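First up is the structure itself, then whatever we jot down about it.
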Amino acid sequence: MSYAAGDRVRARAGDPDHHTRLPRYVRGQAGDVVARLGDWVLPDASVAGLATTEPCYAVRFAAADLFGSGDHTVTVDLWESYLERA
Amino acid sequence: MSEHDHAHDEHDEGEHHDLPVAARVRRLEERLIAAGLATDEEIDAYLGKLYASASPVNGARMAARAWTDPGYRELLLSDGNAAAAELGFHDLSYQLRVVPNTPDTHNVIVCTLCSCYPVSLLGPSPGWYKSFAYRSRTVREPRSVLAEFGVALPEDVRISVWDSTSEARYMVLPVRPAGTAGMTVEELAGLVTLNGLIGTALI
């Protein structure tokens, strides 16, 4: 599954038992892909000694969705396996 | 406590400067050396090279050029690495993404998970950038954080926060100040501050 700018995606809700770069505050939340950044080594794999690469996306979230208040947006860079289609 | 420490406290409320970070870094270095992954000399050489040329003057030159050269501005916003290389900043170890402030939108950069930041273009990151207070509050209440930095934005200016969690590093292109039409690119670069390039100041 790969995504393009404009796609609505949801960050995975699970709490992995290993290193990850999926910040807790976006888990389970839906946002919009604003850009595909590049194919980079997945940090979750890197700590296991693997060089698995995945597309990484800039995903924009509404603060009101994340925190229940605020009129700003927060854009977070997330690897493909952190995401599912919303 | 030095004057520097006092200045530092204003933004992180004393919760960061007395952490034994230096001791922790030293222990990590010792583990790397013990494991045969690096030598003391290699670590020193790497840091020396990194910090010898790393300065916010670099980012400031890029911003000033973008203010005076529409073609360069376009390149800066579409391919930050190519724009950096054009001013002599080659082989960045990250993808540079430059986000432009406009009269409608103000951008601010944070790294909630650690302290990712384009060191080679902005110089060593400020202590507050690495503080828990800045990292946790900027995504949640950026308007309040910016107000504490003295940035009072009109209510209708939208705030866009960029949380740098991957290989991409972000830099803000500030709005060119009014009344600078006659200035040279060098004079303009002299106006651009580090905080302006992070988004915690206006220029």
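So the sequence lines, in the order shown, correspond to chains A and B.
Residue numbering for the first sequence follows numbering that gives the first Met the number 0, starting at 0 and increasing by one per position.
Residue numbering for the second sequence follows numbering that gives the first Met the number 0, starting at 0 and increasing by one per position.
Yeah, the Cβ is synthetic: ideal placement off N, Cα and C, and Gly gets one too.
From a predicted model like this one, the values you see are computed outputs, not experimental measurements.
Opening and closing residue of the alpha helix (DSSP H) in which ASP78 (chain B) lies | Looking up residue 78 (chain B) in the second sequence gives position 79. In this chain, ASP78 (chain B) is not harboured by any alpha helix (DSSP H), its DSSP state being neither H nor E.
Minimum Cβ-Cβ distance from ILE270 (chain B) to chain A less than 9 Å = No answer is possible for residue 270 (chain B): it lies beyond the span of chain B, which begins at 0 and ends at 202.
Can you list the residues of chain A that ASP162 (chain B) reaches, using a CB-CB cut of under 8 Å?
-> By one-based count along the second sequence, residue 162 (chain B) stands at place 163. Under the 8 Å cutoff, chain A gives PRO22, VAL73, THR74, VAL75 and ASP76.
Establish whether the CB of GLU147 (chain B) and some CB of chain A are separated by less than 9 Å.
-> Indexing the second sequence from 1 puts residue 147 (chain B) at position 148. Taking Cβ atoms only, chain A never reaches closer than 9 Å to GLU147 (chain B), which makes this a no.
When burial is assigned at 16 or more other CB atoms within 10 Å of the CB, is PHE88 (chain B) buried or exposed?
-> In the second sequence, residue 88 (chain B) corresponds to position 89, counting from 1. With 16 or more Cβ atoms within 10 Å of its Cβ, PHE88 (chain B) is classed as buried.
Short CB-CB distance (under 9 Å) between ALA62 (chain A) and chain B = Walking along the first sequence from the start, residue 62 (chain A) turns up at place 63. For ALA62 (chain A), the answer is yes, since a Cβ of chain B falls inside 9 Å of its Cβ.
With a cut-off of 9 Å, does the C-beta of ALA47 (chain A) fall near any C-beta of chain B?
-> As a working mapping, residue 47 (chain A) is identified with position 48 in the first sequence. ALA47 (chain A) does not count as touching chain B.
So, does the CB of THR183 (chain B) fall closer than 9 Å to a CB anywhere in chain A?
-> Taking the first residue of the second sequence as position 1, residue 183 (chain B) is located at position 184. Closer than 9 Å: no.
From B:ALA188, B:SER159 and B:GLU185, pick the residue whose C-alpha is nearest to that of VAL107 (chain B); which is it?
-> If you number the second sequence from 1, residue 107 (chain B) lands on position 108. Among B:ALA188, B:SER159 and B:GLU185, the Cα nearest to that of VAL107 (chain B) belongs to B:SER159.
Inside the region 10 to 74 of chain B only - alpha helix (DSSP H) runs reaching at least 4 residues = Segments of the alpha helix (DSSP H) lying fully in the region 10 to 74 of chain B: 20 to 33, 39 to 52 and 55 to 67.
Proximal residues, the region 25 to 42 of chain A versus chain B, C-beta separation under 7 Å = Listed in sequence order: LEU36, GLY37 and TRP39.
Just curious, the beta strand (DSSP E) that ASN106 (chain B) is in, first and last residue?
-> Residue numbering aside, residue 106 (chain B) sits at position 107 when the second sequence is read from its first letter. Judged by DSSP secondary structure, ASN106 (chain B) falls within the beta strand (DSSP E) whose first and last residues are 104 to 109.
Three or more beta-carbon pairs under 8 Å between the region 29 to 44 of chain B and the region 35 to 46 of chain A, yes or no?
-> The answer is no - the region 35 to 46 of chain A does not touch the region 29 to 44 of chain B, with fewer than three Cβ pairs under 8 Å.
With 16 as the cutoff for other CB atoms within 10 Å, does VAL24 (chain B) come out buried or exposed?
-> The sequence position of residue 24 (chain B) within the second sequence is 25, counting from 1. Answer is exposed; the Cβ neighbour count stays below 16.
Roughly how many whole angstroms lie between the Cα atoms of ARG7 (chain A) and CYS55 (chain A)?
-> Stepping through the first sequence from its first residue, residue 7 (chain A) is reached at position 8. Stepping through the first sequence from its first residue, residue 55 (chain A) is reached at position 56. Straight-line measurement puts the Cα of CYS55 (chain A) at about 15 Å from the Cα of ARG7 (chain A).
Using a C-beta to C-beta distance shorter than 8 Å, which residues of chain A count as neighbours of THR111 (chain B)?
-> As a working mapping, residue 111 (chain B) is identified with position 112 in the second sequence. Within 8 Å Cβ-Cβ: PRO22 and TYR24.
Rounded distance between the beta-carbons of ALA188 (chain B) and ARG60 (chain B), thought under 8 Å | Within the second sequence, numbered from 1, the residue matching residue 60 (chain B) stands at position 61. Within the second sequence, numbered from 1, the residue matching residue 188 (chain B) stands at position 189. Sure, about 5 Å apart at Cβ, within 8 Å.
Is there a Cβ from chain B that is less than 9 Å from the Cβ of ALA4 (chain A)?
-> Translated into positions along the first sequence, residue 4 (chain A) becomes position 5. Judged by the 9 Å Cβ criterion, ALA4 (chain A) is not in contact with chain B.
Helix or strand or just coil, what does DSSP make of ALA44 (chain A)?
-> Translated into positions along the first sequence, residue 44 (chain A) becomes position 45. DSSP places ALA44 (chain A) in helix when its eight states are reduced to three.
is_contact[ALA57 (chain A), chain B] using C-beta, thresh 9 Å | Reading the first sequence from its first residue, position 58 is the one you call residue 57 (chain A). Using beta-carbon distances, ALA57 (chain A) counts as an interface residue toward chain B, with a partner under 9 Å.
If we count the other Cβ atoms within 10 Å of its Cβ and call it buried at 16 or more, is ASP76 (chain A) buried or exposed?
-> Here residue 76 (chain A) refers to the residue found at position 77 when the first sequence is read from its first residue. Around the CB of ASP76 (chain A), 16 or more other CB atoms lie within 10 Å, so the residue is classed as buried.
With 9 Å as the threshold, decide whether the Cβ of GLY69 (chain A) is near any Cβ in chain B.
-> Here residue 69 (chain A) corresponds to residue number 70 of the first sequence, with the count starting at 1. By this cut-off, GLY69 (chain A) is an interface position.
Just by C-beta distance, which residues in the region 82 to 116 of chain B are closer than 8 Å to chain A?
-> Within the region 82 to 116 of chain B, the residues whose Cβ lies closer than 8 Å to any Cβ of chain A are, in chain order, GLN94, ARG96, THR111 and LEU112.
Chain A beta carbons: is any one of them nearer than 9 Å to that of ALA204 (chain B)?
-> With chain B represented from 0 up to 202, any question about residue 204 (chain B) goes unanswered, as that position is not in the structure.
Can you tell which of A:GLU79, A:TYR81, A:SER80 and A:THR72 has the C-alpha that lies nearest to the C-alpha of ARG142 (chain B)?
-> Numbered from its first residue, the second sequence carries residue 142 (chain B) at position 143. For ARG142 (chain B), the nearest C-alpha among the options comes from A:THR72.
Taking only the alpha-carbon atoms, compute the straight-line gap between TRP161 (chain B) and GLU28 (chain B) and give it to the nearest angstrom.
-> Locating residue 161 (chain B) in the second sequence gives position 162, where the first residue counts as 1. Locating residue 28 (chain B) in the second sequence gives position 29, where the first residue counts as 1. Going from the Cα of TRP161 (chain B) to the Cα of GLU28 (chain B) covers about 30 Å.
MET0 (chain B), DSSP secondary structure in three states = The residue given as residue 0 (chain B) occupies position 1 in the second sequence. Reliability fails at MET0 (chain B), whose pLDDT of 36 lies under 50, so the model's placement of it is uncertain and the value that follows must be treated cautiously. Coil, per DSSP.
Use the C-beta contact count for SER163 (chain B): other C-beta atoms within 10 angstroms, 16 or more gives buried, fewer gives exposed.
-> For the purposes of this step, residue 163 (chain B) is taken as the residue at position 164 of the second sequence. That one is buried.
Any idea if ASP103 (chain B) is buried or exposed, counting beta-carbon neighbours within 10 angstroms, 16 or more meaning buried?
-> On the second sequence, residue 103 (chain B) is found 104 positions in, with the first residue counted as 1. Answer is exposed; the Cβ neighbour count stays below 16.
Leaving out the 5 sequence neighbours to the left and right, which residues in its chain are closer than 6 Å to VAL118 (chain B) when beta-carbon positions are compared?
-> Numbered from 1 along the second sequence, position 119 holds the residue referred to as residue 118 (chain B). Answer for VAL118 (chain B): ALA53, listed in chain order.
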